[in-house]
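Numbering (my numbering), first residue to last: 3 to 237. Below is one structure; the comments refer to it alone.
See the structure below:
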């Protein structure tokens, strides 16, 4: 039995016949599963002879009618799609940079029975993540793939275990860049510098070895974008 057949069988066991009736003339879950596989095949990046990096963040766009039919089952379907995609990746030698995320979105320009998928590779980030309170109190912090990390006097970002913030991105060196924060009187000075990485860094689209950064500056290393936020100190 193939992976897609097992996927359909699991759905039949999990969800009542109402699911099948709802999707009789609309988008079929197995069509979404097959499209996710194609998305992975088309966008995988070669890491080595036997390993390829696959996108792990997927947005499935549906018509309003299909979205309404799917709504009661979206969490169950997303979980089964994640399971099926992980199974497929293991068979094909794909690796994911972080956890698999599948989200459904309504798009009015699509007609019933049509859908499209947008994907990206989003690396897992490990390190000290800021709480809302810490963000309000911080003078500066970094935002990486939806996570926020307070910026201290010196903070090294890389893929290795000795980095302060570790990003599971094959394009990132073990110690890739360092952020430095210094106070000069009433002014806050934030700088980023490359640590001799293999692929270098881009600051607001320009390749640089070092740069002073301010609020909103985007630093790209490998396939990951780091956004710098400089905030006012709370009274």
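Glycine included, C-beta positions come from ideal geometry on N, C-alpha and C.
Discussion item. For a test of the three-state rule: what should DSSP assign to residue 74, helix, strand or coil?
Written reply: The count along the chain shown starts at 1 and reaches residue 74 at position 72. It is helical.
Fill in: CA-to-CA distance, residue 47 to residue 133, given in whole angstroms
Here the question's residue 133 lines up with position 131 in the chain shown. Here the question's residue 47 lines up with position 45 in the chain shown. Their backbone Cα atoms lie some 34 Å apart in a straight line.
Worksheet item: Hey, residue 147 and residue 102: beta-carbon distance below 7 Å or not?
Response: As a first step, residue 147 must be located in the chain shown, where it is residue number 145. As a first step, residue 102 must be located in the chain shown, where it is residue number 100. Not closer than 7 Å, so no.
Worksheet item: If you draw a straight line from the alpha carbon of residue 231 to that of residue 8, how long is it in whole angstroms?
Response: Indexing the chain shown from 1 puts residue 231 at position 229. Indexing the chain shown from 1 puts residue 8 at position 6. If I take the Cα positions, the gap works out to 46 Å.
Worksheet item: When the Cα atoms are used, what is the spatial distance from residue 28 to residue 88?
Response: Here the question's residue 28 lines up with position 26 in the chain shown. Here the question's residue 88 lines up with position 86 in the chain shown. Rounded to whole angstroms, residue 28 to residue 88 spans 25 Å at the Cα level.
Item to complete: Can you tell me which of the three DSSP states residue 8 falls into?
Response: In the chain shown, residue 8 corresponds to position 6, counting from 1. Note: residue 8 maps to helix in three-state DSSP.
Worksheet item: Which residue from 33, 220, 195 and 167 puts its Cα closest to that of residue 205?
Response: Stepping through the chain shown from its first residue, residue 205 is reached at position 203. Here the closest residue by C-alpha is 220.
Worksheet item: residue 90: which of 192, 218, 35 and 169 sits nearest, CA to CA?
Response: Taking the chain shown and counting its residues from 1, the one referred to as residue 90 is at position 88. Here the closest residue by C-alpha is 35.
Item to complete: Look up residue 195 in the DSSP assignment and give the residues it is bridged to.
Response: In the chain shown, residue 195 corresponds to position 193, counting from 1. Paired residue(s): 180 and 212.
Worksheet item: Does the region 152 to 159 touch the region 178 to 188, meaning 3 or more C-beta pairs lie closer than 8 Å?
Response: yes
Discussion item. Rounded to whole angstroms, what is the Cα-Cα separation between residue 42 and residue 105?
Written reply: Position 40 of the chain shown, counted from the first residue, corresponds to residue 42. Position 103 of the chain shown, counted from the first residue, corresponds to residue 105. Going from the Cα of residue 42 to the Cα of residue 105 covers about 16 Å.
Discussion item. With H, G and I counted as helix, E and B as strand and the rest as coil, what does DSSP make of residue 149?
Written reply: On the chain shown, residue 149 is found 147 positions in, with the first residue counted as 1. Residue 149 falls in the strand class under three-state DSSP.
Discussion item. With H, G and I counted as helix, E and B as strand and the rest as coil, what does DSSP make of residue 42?
Written reply: Position 40 of the chain shown holds residue 42. DSSP places residue 42 in helix when its eight states are reduced to three.
Practice prompt. Examine the ligand ZN and report whether any of its heavy atoms sits within less than 6 Å of the Cβ of residue 89.
Written response: The ligand ZN is absent from the structure shown, which contains no ligand whatsoever.
Worksheet item: Would DSSP call residue 174 helix, strand or coil?
Response: For the purposes of this step, residue 174 is taken as the residue at position 172 of the chain shown. If DSSP states are grouped into helix, strand and coil, residue 174 belongs with coil.
Practice prompt. Go ahead and label residue 31 buried or exposed: buried means 16 or more other beta carbons lie within 10 angstroms of its beta carbon, across all protein chains shown.
Written response: Locating residue 31 in the chain shown gives position 29, counting from the first residue. It counts as buried.
Worksheet item: Three-state secondary structure (DSSP) at residue 59?
Response: The residue given as residue 59 occupies position 57 in the chain shown. Strand, per DSSP.
Item to complete: Give a yes or no on whether the C-beta atoms belonging to residue 61 and residue 110 are separated by under 7 Å.
Response: Stepping through the chain shown from its first residue, residue 61 is reached at position 59. Stepping through the chain shown from its first residue, residue 110 is reached at position 108. No; because the gap between Cβ atoms is not below 7 Å, this pair is not in contact.
Discussion item. Let's see if you can read the secondary structure: which residues bound the beta strand (DSSP E) around residue 117?
Written reply: Locating residue 117 in the chain shown gives position 115, counting from the first residue. Per DSSP, residue 117 belongs to the beta strand (DSSP E) from 117 to 122.
Discussion item. Which of the three DSSP states is assigned to residue 93 in this structure?
Written reply: Locating residue 93 in the chain shown gives position 91, where the first residue counts as 1. Here residue 93 sits in helix by DSSP.
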